[in-house]
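If you count the sequence shown from 1, position 20 lands on 20 in full-length UniProt numbering, and the numbers rise without skipping.
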Amino acid sequence: MRKKSECHIKQIKDKAKKRADTIPETKPLVMLDTVPEPFSEGELDTALKKMMTGKIVGHDHISSETVKYLGLKGRGMMLRIGDLTLAQKKLADDWKVSIVVPIFKKGGWERL
1 MRKKSECHIK QIKDKAKKRA DTIPETKPLV MLDTVPEPFS EGELDTALKK
51 MMTGKIVGHD HISSETVKYL GLKGRGMMLR IGDLTLAQKK LADDWKVSIV
101 VPIFKKGGWE RL
């Protein structure tokens, strides 16, 4: 019998694969002379391995598991987004937003 978490991860992988197949193709990125080298597959792999799983989703409703298990199209889009961010030298506004929820230990709430 499979653990509940294994079934959940399989569902996430399947959903991510289905969504990746519906992603439209985008135009190639035009790089400027002053822009650093484009991100490599190796750099993307390293970043994805460092992502923690099992965490609650943020305001974008995208889990780290969804990003980790992207198919080839999704990985290509991640690389293009990273390259575009470097080319424009600007972060998307959504990337600057985070949600912090304090988790109090026993008795911590009363001390506020």
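Beta carbons: idealized from backbone N, C-alpha and C, even for Gly.
Next item on the list: Output the boundary residues of the alpha helix (DSSP H) element that contains Met77.
Entry: From DSSP, the alpha helix (DSSP H) with Met77 extends over Leu72 to Gln88.
Notebook entry, point to check: Exposed or buried, what is Ser63 when buried is set at 16 or more other beta-carbons lying within 10 Å of its beta-carbon?
Noted result: Ser63 comes out buried.
Next item on the list: May I have the straight-line CA-CA distance separating Lys13 from Val67, to the nearest angstrom?
Entry: 10 Å
Margin query: Rounded to the nearest angstrom, what separates Ile9 and Met51 at their Cα positions?
Written below: 15 Å
Notebook entry, point to check: Residues in its own chain within less than 8 Å of Asp94 by CB, not counting five upstream and five downstream?
Noted result: His59 and Asp60
Notebook entry, point to check: Given 8 Å as the limit, is there contact between the segment 35-48 and the segment 94-106, that is, 3 or more CB pairs closer than that?
Noted result: no
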